[in-house]
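Novice: Can you read through this structure? Questions will come right after.
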Amino acid sequence: MKILVINPIGDDSWNESDRRFFSSVACPTTSIEVVSLDEGPPSVETLKDYEYVKPLVIDLALKTHIEYDGLIVNCFLDPGVDELKELIDKPVVGPGEASLAFGSIFGGRLGIVSIESEALKLIEERCSMLGYKEKVVSIRGIKTHVVDLVKDWEKVKIELIEESRKAIEDGAEVVILGCTGLAGLGKIVSETIHKPVIDPAAAALKMVESLVSLGLGRV
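The following block contains the structure:
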(Lines of atoms letter the chains of each structure in order from A and count residues from 1; the text may use other names and numbers.)
(Lines give C-alpha, C1' and ligand atoms only; values in the text may rest on other atoms or scores of the structure.)
Protein backbone atom coordinates (compact mmCIF):
# COMPACT_ATOMS: atom_id res chain seq x y z
CA MET A 1 0.00 0.00 0.00
CA LYS A 2 1.04 3.62 -0.53
CA ILE A 3 0.57 6.16 2.26
CA LEU A 4 0.86 9.94 1.97
CA VAL A 5 1.99 11.84 5.06
CA ILE A 6 1.28 15.57 5.03
CA ASN A 7 3.39 17.70 7.34
CA PRO A 8 1.10 20.71 7.93
CA ILE A 9 3.93 23.24 8.04
CA GLY A 10 5.68 25.46 5.52
CA ASP A 11 9.04 23.77 6.07
CA ASP A 12 10.34 20.61 4.40
CA SER A 13 13.33 20.08 6.72
CA TRP A 14 11.43 17.40 8.69
CA ASN A 15 10.28 15.44 5.66
CA GLU A 16 13.18 13.04 5.22
CA SER A 17 13.59 12.20 8.92
CA ASP A 18 9.82 11.71 9.18
CA ARG A 19 9.86 9.43 6.13
CA ARG A 20 12.58 7.32 7.74
CA PHE A 21 10.66 7.08 11.01
CA PHE A 22 7.36 6.12 9.38
CA SER A 23 9.15 3.58 7.18
CA SER A 24 10.80 2.05 10.25
CA VAL A 25 7.42 1.20 11.80
CA ALA A 26 5.54 0.43 8.58
CA CYS A 27 4.82 -3.00 7.15
CA PRO A 28 7.45 -4.10 4.60
CA THR A 29 4.96 -3.68 1.75
CA THR A 30 3.97 -0.14 2.76
CA SER A 31 5.47 2.76 0.82
CA ILE A 32 5.67 6.14 2.56
CA GLU A 33 5.84 9.58 0.97
CA VAL A 34 6.10 12.72 3.11
CA VAL A 35 5.27 16.20 1.83
CA SER A 36 4.88 19.59 3.46
CA LEU A 37 2.94 22.73 2.57
CA ASP A 38 4.21 25.34 0.13
CA GLU A 39 3.59 27.94 2.82
CA GLY A 40 2.73 28.04 6.49
CA PRO A 41 4.19 28.32 9.99
CA PRO A 42 7.23 26.24 11.04
CA SER A 43 5.04 24.43 13.59
CA VAL A 44 1.41 24.26 14.73
CA GLU A 45 1.32 25.45 18.34
CA THR A 46 -1.43 28.09 18.37
CA LEU A 47 -5.03 28.45 17.23
CA LYS A 48 -3.80 30.92 14.61
CA ASP A 49 -1.37 28.32 13.24
CA TYR A 50 -4.11 25.67 13.25
CA GLU A 51 -6.64 27.82 11.41
CA TYR A 52 -4.01 28.93 8.90
CA VAL A 53 -2.85 25.46 7.89
CA LYS A 54 -6.19 23.64 7.92
CA PRO A 55 -7.46 24.83 4.49
CA LEU A 56 -3.98 24.36 3.02
CA VAL A 57 -3.88 20.75 4.24
CA ILE A 58 -7.33 20.08 2.80
CA ASP A 59 -6.39 21.63 -0.54
CA LEU A 60 -3.14 19.66 -0.80
CA ALA A 61 -4.84 16.39 0.16
CA LEU A 62 -7.61 16.85 -2.39
CA LYS A 63 -5.05 17.51 -5.12
CA THR A 64 -2.79 14.56 -4.34
CA HIS A 65 -4.79 11.76 -2.70
CA ILE A 66 -5.74 9.86 -5.87
CA GLU A 67 -2.47 7.93 -6.13
CA TYR A 68 -2.43 6.90 -2.46
CA ASP A 69 -4.29 4.29 -0.42
CA GLY A 70 -4.45 6.36 2.75
CA LEU A 71 -3.40 9.69 4.25
CA ILE A 72 -1.93 10.92 7.53
CA VAL A 73 -1.92 14.57 8.61
CA ASN A 74 1.21 14.60 10.73
CA CYS A 75 0.23 16.81 13.67
CA PHE A 76 -1.31 15.82 17.01
CA LEU A 77 -4.02 18.48 16.58
CA ASP A 78 -5.23 16.70 13.39
CA PRO A 79 -5.78 19.87 11.28
CA GLY A 80 -8.14 19.16 8.40
CA VAL A 81 -8.61 15.49 9.29
CA ASP A 82 -12.31 15.67 10.16
CA GLU A 83 -13.11 17.61 6.99
CA LEU A 84 -11.09 15.27 4.78
CA LYS A 85 -12.93 12.23 6.13
CA GLU A 86 -16.06 13.71 4.52
CA LEU A 87 -14.34 14.54 1.24
CA ILE A 88 -12.11 11.55 0.47
CA ASP A 89 -13.29 7.96 0.07
CA LYS A 90 -10.19 6.42 1.65
CA PRO A 91 -8.75 6.36 5.18
CA VAL A 92 -7.56 9.71 6.55
CA VAL A 93 -5.99 9.51 10.00
CA GLY A 94 -4.68 12.05 12.48
CA PRO A 95 -2.04 11.19 15.11
CA GLY A 96 -4.17 12.71 17.87
CA GLU A 97 -7.24 10.59 17.24
CA ALA A 98 -5.15 7.46 16.57
CA SER A 99 -3.08 7.69 19.74
CA LEU A 100 -6.12 8.38 21.92
CA ALA A 101 -7.83 5.31 20.45
CA PHE A 102 -4.80 3.08 20.99
CA GLY A 103 -4.19 4.51 24.46
CA SER A 104 -7.75 3.67 25.48
CA ILE A 105 -7.09 0.02 24.71
CA PHE A 106 -4.36 -0.08 27.35
CA GLY A 107 -6.00 1.89 30.13
CA GLY A 108 -9.00 3.83 31.30
CA ARG A 109 -7.04 6.94 32.28
CA LEU A 110 -4.80 8.74 29.81
CA GLY A 111 -2.08 11.35 30.22
CA ILE A 112 -0.72 13.52 27.40
CA VAL A 113 2.72 15.12 27.36
CA SER A 114 3.29 17.68 24.63
CA ILE A 115 4.94 21.07 24.14
CA GLU A 116 4.17 23.78 26.71
CA SER A 117 2.26 26.27 24.56
CA GLU A 118 -1.24 27.27 23.52
CA ALA A 119 -1.36 23.80 21.96
CA LEU A 120 -2.15 22.30 25.38
CA LYS A 121 -5.52 24.05 25.40
CA LEU A 122 -6.15 22.96 21.81
CA ILE A 123 -5.30 19.38 22.76
CA GLU A 124 -7.78 19.56 25.63
CA GLU A 125 -10.47 20.78 23.23
CA ARG A 126 -9.63 18.06 20.69
CA CYS A 127 -9.85 15.36 23.36
CA SER A 128 -13.26 16.68 24.40
CA MET A 129 -14.52 16.77 20.82
CA LEU A 130 -13.43 13.17 20.26
CA GLY A 131 -15.19 12.00 23.43
CA TYR A 132 -12.13 11.50 25.65
CA LYS A 133 -12.75 14.32 28.14
CA GLU A 134 -13.34 11.96 31.07
CA LYS A 135 -10.49 9.61 30.14
CA VAL A 136 -7.74 12.22 29.83
CA VAL A 137 -6.70 13.02 33.40
CA SER A 138 -3.47 14.89 32.70
CA ILE A 139 -2.19 17.21 29.95
CA ARG A 140 1.34 18.46 30.45
CA GLY A 141 4.07 20.11 28.39
CA ILE A 142 7.83 20.30 28.22
CA LYS A 143 9.38 23.78 28.08
CA THR A 144 10.44 24.11 24.46
CA HIS A 145 9.08 24.78 20.99
CA VAL A 146 8.69 22.21 18.21
CA VAL A 147 11.33 23.91 16.05
CA ASP A 148 13.82 23.68 18.94
CA LEU A 149 13.36 19.98 19.68
CA VAL A 150 16.35 18.82 17.61
CA LYS A 151 18.73 21.29 19.29
CA ASP A 152 19.10 19.21 22.46
CA TRP A 153 17.48 15.76 22.31
CA GLU A 154 19.00 14.73 25.65
CA LYS A 155 17.34 17.64 27.44
CA VAL A 156 14.07 16.86 25.65
CA LYS A 157 14.25 13.22 26.79
CA ILE A 158 14.90 14.21 30.41
CA GLU A 159 12.00 16.68 30.49
CA LEU A 160 9.72 14.25 28.67
CA ILE A 161 10.43 11.52 31.21
CA GLU A 162 9.92 13.96 34.09
CA GLU A 163 6.56 15.21 32.79
CA SER A 164 5.46 11.66 31.95
CA ARG A 165 6.13 10.61 35.54
CA LYS A 166 4.04 13.56 36.72
CA ALA A 167 1.23 12.46 34.39
CA ILE A 168 1.34 9.03 36.04
CA GLU A 169 1.21 10.74 39.45
CA ASP A 170 -1.86 12.61 38.18
CA GLY A 171 -3.53 9.23 37.73
CA ALA A 172 -2.74 8.31 34.13
CA GLU A 173 -2.29 4.63 33.30
CA VAL A 174 -1.01 5.35 29.79
CA VAL A 175 1.06 8.27 28.51
CA ILE A 176 0.56 9.68 25.03
CA LEU A 177 3.21 11.86 23.42
CA GLY A 178 1.20 14.87 22.30
CA CYS A 179 3.43 16.09 19.47
CA THR A 180 4.63 14.26 16.36
CA GLY A 181 7.95 16.09 16.68
CA LEU A 182 8.61 13.68 19.57
CA ALA A 183 8.42 10.67 17.23
CA GLY A 184 10.77 7.89 18.22
CA LEU A 185 10.99 8.77 21.92
CA GLY A 186 8.09 6.64 23.10
CA LYS A 187 10.13 3.49 23.70
CA ILE A 188 12.79 5.11 25.88
CA VAL A 189 10.16 6.93 27.95
CA SER A 190 8.16 3.72 28.38
CA GLU A 191 11.22 1.74 29.46
CA THR A 192 12.09 4.44 31.99
CA ILE A 193 8.67 5.00 33.59
CA HIS A 194 7.53 1.36 33.17
CA LYS A 195 4.18 2.34 31.68
CA PRO A 196 2.75 2.13 28.16
CA VAL A 197 3.70 5.18 26.08
CA ILE A 198 1.97 5.84 22.76
CA ASP A 199 3.91 7.46 19.93
CA PRO A 200 1.30 9.43 17.94
CA ALA A 201 3.07 9.19 14.59
CA ALA A 202 3.48 5.42 14.90
CA ALA A 203 -0.13 5.08 16.08
CA ALA A 204 -1.38 6.99 13.04
CA LEU A 205 0.67 4.85 10.67
CA LYS A 206 -0.50 1.54 12.14
CA MET A 207 -4.12 2.73 12.18
CA VAL A 208 -4.11 3.85 8.55
CA GLU A 209 -2.45 0.58 7.50
CA SER A 210 -5.14 -1.38 9.34
CA LEU A 211 -7.97 0.64 7.80
CA VAL A 212 -6.53 0.22 4.31
CA SER A 213 -6.08 -3.53 4.86
CA LEU A 214 -9.69 -3.79 6.03
CA GLY A 215 -10.91 -1.84 3.02
CA LEU A 216 -12.44 0.84 5.23
CA GLY A 217 -12.93 4.43 4.13
CA ARG A 218 -15.79 6.86 3.72
CA VAL A 219 -19.00 5.23 2.47
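Numbering-wise, my numbering comes out as the position in the sequence shown, counting from 1, plus 1193. For each residue, glycine too, the CB sits at the ideal point set by N, CA and C. Since the structure is predicted, the reported quantities are computational estimates derived from the model, not experimental observations.
What number of angstroms, rounded off, separates the C-alpha of G1324 from the C-alpha of C1220?
Specialist: G1324 and C1220: Cα-Cα distance of roughly 30 Å.
Novice: Could you tell me whether the Cβ atoms of R1319 and G1289 are closer together than 8 Å?
Specialist: Result yes, Cβ atoms of R1319 and G1289 sit closer than 8 Å.
Novice: For the region 1330-1405, list the alpha helix (DSSP H) runs that are entirely contained and at least 4 residues long, ordered along the chain.
Specialist: Segments of the alpha helix (DSSP H) lying fully in the region 1330-1405: 1346-1362 and 1379-1386.
Novice: Taking contact to mean at least 3 C-beta pairs separated by less than 8 Å, is the region 1292-1299 in contact with the region 1359-1374?
Specialist: Enough Cβ pairs lie closer than 8 Å, so yes.
Novice: Are there 16 or more other CB atoms within 10 angstroms of the CB of L1270, so buried, or fewer, so exposed?
Specialist: That one is buried.
Novice: Which first and last residues belong to the alpha helix (DSSP H) in which G1296 is found?
Specialist: P1288 to F1299 is the extent of the alpha helix (DSSP H) around G1296.
Novice: So what does G1263 bridge to, in DSSP terms?
Specialist: DSSP output for G1263 lists I1196 as bridge partner(s).
Novice: Could you check whether A1397 and V1218 sit closer than 8 Å to each other, using their CB atoms as the reference points?
Specialist: No, the pair does not count as a contact, with Cβ atoms beyond the cut-off.
Novice: Can you list, in chain order, the residues of its chain with a C-beta nearer than 6 Å to that of M1194? Leave out the 5 residues immediately preceding and following it.
Specialist: The residues are T1223, D1262 and V1405.
Novice: Can you give the beta carbon distance from I1335 to V1382, rounded, assuming they're within the 8 Å contact cut?
Specialist: Going by Cβ atoms, the distance from I1335 to V1382 rounds to 11 Å, so no, they are not a contact pair.
Novice: Alpha carbon to alpha carbon, what distance is there between L1230 and K1314?
Specialist: K1314 and L1230: Cα-Cα distance of roughly 24 Å.
Novice: List in chain order: all unbroken alpha helix (DSSP H) runs of 4+ residues lying wholly within the region 1208-1285.
Specialist: Those alpha helix (DSSP H) runs which fall completely within the region 1208-1285 and span 4+ residues are 1208-1218, 1240-1257 and 1274-1280.
Novice: Evaluate G1301 with the Cβ neighbour count: other Cβ atoms within 10 Å of its Cβ, from every protein chain shown; 16 or more gives buried, anything less gives exposed.
Specialist: The residue in question, G1301, is exposed, as its Cβ has fewer than 16 Cβ neighbours within 10 Å.
Novice: Decide if E1362 is buried, meaning its Cβ has at least 16 other Cβ atoms within 10 Å, or exposed.
Specialist: That one is exposed.
Novice: DSSP on L1303, reduced to helix/strand/coil?
Specialist: Three-state result, L1303: strand.
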